[in-house]
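Residue numbers (this note's numbering): 573 to 975.
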Ligand SMILES: Cc1cc2nc3c(=O)[nH]c(=O)nc-3n(C[C@H](O)[C@H](O)[C@H](O)COP(=O)(O)OP(=O)(O)OC[C@H]3O[C@@H](n4cnc5c(N)ncnc54)[C@H](O)[C@@H]3O)c2cc1C
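Here's what the structure looks like:
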């Protein structure tokens, strides 16, 4: 068997890459170790900018519900900033139908999909790529895309080991809840909640209401912990977080931990996200937003850019590593500069977030900028300056007791 491109992993990164390639007439095989639909531990929150860039998500009914507001709770719960919008700020998805929907779209575009096929080995050289499936089948290709998620075996085999300090860990659970109860607690607006340093962790807790599901989780960022500092027990912290939410009547009193799931996410890109005949996408390339752990947007963009770079390489019949370096240049142009600032900020996840939430609570301009990060922009230069200025003013006002 030989294809132009083999994509390993059919999450948002792999499925998007396969769709882009197939639409350009490239012969592409999308492989996943699971048969689909399969679930993936995730909050399932997509800021509106994702739906603007990929309108086919909404057009194909892959969104469960829309949220119009968010409440941010400070570390000691002394402050609460409520941000509301007349148009949606986020779309909520259930990963099982969402990921399966993206794979269907890639198949409809002409990609071959084979679920239940774990790749155990990948090799590349300047002339071609080769993957071996469990059971021994060997598939040849001109190029391979490694999109096999955070603990990427493909990335490791291709010579890009993940740095274990730059990851985050989560515990979460998604509870089915009747829509009338969801309406009662979260209204039509399906307000989201973020709790800074929930249960004392170096990270945050979230409450993501969907149409008939309630997704609750906590996540800690290891880059924010000192080298000798122990990680928190996230299962215990999760149970404490639910106690708080029930006491505050944010969630129904019937919600208790049943079978919380763990998950990890990368918080730093690989130094090189390409090599001989190979490209790393999404979590396999370490491409997420390091301050929040948001990854679906970055997985889809990197999949799209990988597809475009390989279409170009196939058209030009180019096989040099330098040709694939274009892919890395493109994603750096899109979000590389933001990434650095978000990463710096993420190292402060241990600092109590009282003043920052107080500033957001009191300053409508900061609220407007915050909302625009959901709806329109990633952190461009103009926003960075405006936000930085408002935060500095807020901090001074707070020092002098005038906030
Ligand atoms: C708890 C948690 C909550 C999160 N919440 C959000 C959120 O609310 N919003 C958001 O945007 N992001 C969130 N993220 C991040 C997001 O889930 C990931 O960034 C995103 O799924 C990455 O997509 P991907 O396609 O790179 O990888 P994945 O979605 O992980 O897909 C990788 C695929 O590769 C397959 N695979 C693995 N190994 C092999 C193999 N050897 N052979 C064949 N197939 C293989 C897997 O079966 C899987 O289907 C969260 C992450 C975690 C852990």
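For each residue, glycine too, the CB sits at the ideal point set by N, CA and C.
Given residue i as reference, the closest of the options once Cα atoms are compared
| i | options | result |
| --- | --- | --- |
| residue 580 | 625, 623, 723 and 662 | 723 |
| residue 654 | 678, 594, 695 and 930 | 930 |
| residue 872 | 892, 882, 903 and 893 | 903 |
| residue 713 | 835, 908, 795 and 574 | 574 |
| residue 908 | 934, 874 and 925 | 874 |
| residue 799 | 919, 857 and 638 | 919 |
| residue 947 | 662, 746, 608 and 969 | 662 |
| residue 793 | 772, 881, 937 and 593 | 772 |
| residue 687 | 933, 821, 665 and 608 | 608 |
| residue 835 | 745, 753 and 808 | 745 |
| residue 784 | 777, 751, 806 and 944 | 751 |
| residue 760 | 624, 587, 856 and 642 | 642 |
| residue 757 | 617, 786, 597 and 845 | 786 |
| residue 869 | 598, 617 and 612 | 617 |
| residue 694 | 603, 896, 821 and 923 | 603 |
| residue 820 | 660, 767 and 705 | 767 |
| residue 728 | 856, 828, 774 and 586 | 856 |
| residue 659 | 623, 645, 916 and 733 | 623 |
| residue 923 | 597, 796 and 877 | 796 |
Where residue i sits in the DSSP three-state scheme
| i | result |
| --- | --- |
| residue 562 | The shown model of the chain, from 573 to 975, leaves out residue 562, and the question about it has no answer. |
| residue 879 | helix |
| residue 815 | helix |
| residue 648 | coil |
| residue 866 | coil |
| residue 685 | strand |
| residue 666 | coil |
| residue 640 | coil |
| residue 938 | helix |
| residue 576 | strand |
| residue 969 | helix |
| residue 830 | coil |
| residue 964 | helix |
| residue 654 | strand |
| residue 749 | coil |
| residue 723 | coil |
| residue 594 | helix |
| residue 893 | helix |
| residue 908 | helix |
| residue 873 | helix |
| residue 823 | coil |
| residue 708 | coil |
| residue 740 | strand |
| residue 731 | coil |
| residue 698 | coil |
| residue 584 | helix |
| residue 851 | strand |
Whole-angstrom C-beta distance between residue j and residue i, which should lie under 8 Å
| i | j | result |
| --- | --- | --- |
| residue 578 | residue 716 | 5 Å |
| residue 696 | residue 848 | 4 Å |
| residue 710 | residue 837 | About 32 Å; that fails the 8 Å criterion. |
| residue 690 | residue 605 | 4 Å |
| residue 764 | residue 639 | 5 Å |
Residue j beta carbon less than 7 Å from that of residue i
| i | j | result |
| --- | --- | --- |
| residue 853 | residue 719 | yes |
| residue 769 | residue 647 | yes |
| residue 823 | residue 810 | no |
| residue 865 | residue 842 | no |
| residue 861 | residue 899 | no |
| residue 591 | residue 649 | no |
| residue 934 | residue 975 | yes |
| residue 833 | residue 637 | no |
| residue 679 | residue 670 | no |
Residue ranges of each beta strand (DSSP E) within the region 758 to 813, 3 or longer: 764 to 768, 775 to 781 and 785 to 793
Entirely enclosed alpha helix (DSSP H) segments - the region 607 to 634, minimum 4 residues: 620 to 625 and 628 to 631
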